[in-house]
Each structure stands twice: as structure tokens, then as C-alpha cells.
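Student: Here it is: the structure, laid out below.
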Amino acid sequence: MTTARSVLAGPQAPSSDLGGRTALVTGAAGGIGRACALRLAAAGAKVRAVDRQSEGLETLAEQARGLAGTVEPHLLDLTDLDAAEAAAAGTDILVNNAGLQLVRPIEDFPPDTFHTVLTVMLEAPFRLIRGALPHMYGQGWGRIVNVSSVHGLRASAFKSAYVAAKHGLEGLSKTAALEGAPHGVTSNCVNPAYVRTPLVEKQLTDQAAVHGIPRERVLTEILLKDSAVKRLIEPEEVAEAVAYLCGPAASFVTGTSLVLDGGWTAH
């Protein structure tokens, strides 16, 4: 399979000017969130990096040294919804990225895990948006980017909580776009297929179990089956899409989903 790593310049790539802007990125300790935090900081933003993993946040802060902007770690569990809303106050850019996944048939899916997934991936974004909007409205400018998924547009078996949360996030994002437009605030989703992240790597064993195939066959036979481009997308590619939606060239882009699915939804 081909790879995009050789064509990506990382967070030092040419960037939109976000100097003077404050951004908040959830799930920033790794994967897509880390790539987004570094990319926005490279564009000059002051980034509040939110996660519940302190070690990953410390590593991120080290990686951000020398960039045009800054990264400030904020240790936060998004199931504390009041704290999440408070953390978003005063932000110009909000990137709702944090997520979790469990692969199980509905009849075996733990109800408490379903509740947690919906809390972190749908209710917390609502509270974060709610906390960010007063400042955005007050200044007549704001950018909300919700890291959704191809599963915000399509369903897969055994992912009831994740698919439900991402479909809900799509609706929340569109509603925020309609309400925010008169105030200079845009709201969009970014919809990648499977990304090279720990979240995806952890799925391999569960996917093998529910589909009854060896673990080494999951990537090609399950994860990449519907994608015309037969590789995982890199976190930095997703971060580039996020940076575009935060920049001045995307001021007329709102209420939509930027699909990075390698042709999955072309079927």
C-alpha cells in the first residue's frame, strides 16, 4: 500500500495565519488531536490542548517548541461536562476531536459504555460549543470544526455507539452553522476514513473477534474494504483539512462535511 507520509511536511508546512487566535483542541494527547494542535500552533494560534492523558500532553508541549504559536496542556476529563463548557470560554477556534470506540454487537454492547461514548463524543461537543459561542458571537468571528468520521455519513456493524455519536455530531454541527452564520461563526465536520491512530489500531483484535477472521486480515478485508485508496489516512492529512476550515479562505464554508474517505462514500 502507498503512504502519504513522504508528501507531508508536518506542522512546519505553509500555513494559514492564525496569529492572535486562541484554539481549543480536545483529545490532543495523540492521533488526530495532536496533529491538529501542532498544525494550528504552526499557523500561529495559541492552542489549549485538552486531554485526560497527562503524559501525552507533556510530549505534545515538547513537540510544539519552536512553532509560531504555543500549546498549553489542559488536563480534563470530558465526562465532566460543566468543566468542559468552562474550558471553552474565550476560544476563537474549537476543534471537537476526542473520541473512543468499542466494537461489539448491539446485544452485547455494555449500556454504560454506550452512555460514555455519547457523553464524550456528542454531549461534550455540545457543551464546548455552548461555552465557546458567547466569545465568538461577541467578536463576530469563530471557527468550529467537529472531527466526525465516514461513520457520521455511513454505518458499520458492531459500532452502534460510535456511529450514533458521529451521526448526532453531524446534526449538531449543522445546527451550529445555521445559528452562527449571522455572527461570523462557521461550523463544519471533517470526515476521515480509518486514520493511523491508536484508536484504530486497538480495533484490530475486536474486529477479528466479531468477524471471525485472523487479526492480520482485518486491515485489508474490513477496514479498507470500502475505500478506493487502499491505505490508512495519516493524522497530518486530517489536520490540514482542519487548518483549512479555520483559515480565511474557508469563510464561506459552513454547515458541511469535508469528506476524506478515499472514495468510500462514492459507492
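Residue numbers (my numbering): 1251 to 1517.
Cβ atoms here follow ideal geometry from the backbone N, Cα and C, with glycine treated the same way.
(1) Do you know offhand how far Ser1256's Cα is from Val1460's?
(2) Taking only the alpha-carbon atoms, compute the straight-line gap between Ala1259 and Pro1442 and give it to the nearest angstrom.
(3) Ignoring anything shorter than 3 residues, give me the beta strand (DSSP E) runs that lie fully in the segment 1277-1312, in order along the chain.
(4) How would you label Ser1501, buried or exposed, when you count the other beta carbons within 10 angstroms and need 16 or more for buried?
(5) Give the straight-line distance between the Cα atoms of Lys1480 and Phe1364, rounded to the nearest whole angstrom.
(6) Who are the Cβ neighbours of Gln1303 in its own chain at under 8 Å, not counting the five residues just before and after it?
(7) Going by beta-carbon coordinates alone, are Leu1290 and Ala1338 separated by less than 8 Å?
(8) Are three or more beta carbon pairs between the segment 1314-1324 and the segment 1366-1384 nearer than 8 Å?
(9) How long is the line joining the alpha carbons of Glu1555 and Glu1451, rounded to whole angstroms?
(10) For the beta strand (DSSP E) that Glu1322 lies in, which residues bound it at each end?
(11) Helix, strand or coil, according to DSSP, for Val1413 in the structure here?
(12) Take Val1492 as the anchor and find which of Leu1383, Thr1341, Asn1346 and Leu1422 has the nearest alpha-carbon.
Tutor: So, to answer that:
(1) In the sequence shown, residue 1256 corresponds to position 6, counting from 1. In the sequence shown, residue 1460 corresponds to position 210, counting from 1. Bear in mind that the predicted position of Ser1256 carries a pLDDT of just 40, short of 50, making it unreliable; the figure below should be weighed with that in mind. Taking the straight line joining both Cα atoms gives about 34 Å.
(2) In the sequence shown, counting from the first residue as 1, residue 1259 sits at position 9. In the sequence shown, counting from the first residue as 1, residue 1442 sits at position 192. Any reading at Ala1259 must be qualified, since the residue scores a pLDDT of 45, below 50, and its modelled position is unreliable; the value itself is stated next. The alpha-carbon atoms of Ala1259 and Pro1442 are separated by roughly 19 Å.
(3) 1296-1301
(4) As a working note, residue 1501 is residue 251 in the sequence shown. When all chains shown are included, Ser1501 counts as exposed.
(5) If you number the sequence shown from 1, residue 1480 lands on position 230. If you number the sequence shown from 1, residue 1364 lands on position 114. In a straight line, the C-alpha of Lys1480 is about 30 Å away from that of Phe1364.
(6) Taking the first residue of the sequence shown as 1, we reach residue 1303 at position 53. The residues are Ala1279 and Gly1280.
(7) Position 40 of the sequence shown, counted from the start, is the residue given in the question as residue 1290. Position 88 of the sequence shown, counted from the start, is the residue given in the question as residue 1338. Not a contact, by the Cβ cut-off of 8 Å.
(8) no
(9) Lying before the first or after the last residue shown, residue 1555 is absent from the chain, which here runs from 1251 to 1517.
(10) Locating residue 1322 in the sequence shown gives position 72, where the first residue counts as 1. Here the beta strand (DSSP E) through Glu1322 covers Thr1320 to Leu1325.
(11) Here residue 1413 refers to the residue found at position 163 of the sequence shown. Helix at Val1413.
(12) As a first step, residue 1492 must be located in the sequence shown, where it is residue number 242. Answer by Cα proximity: Asn1346.
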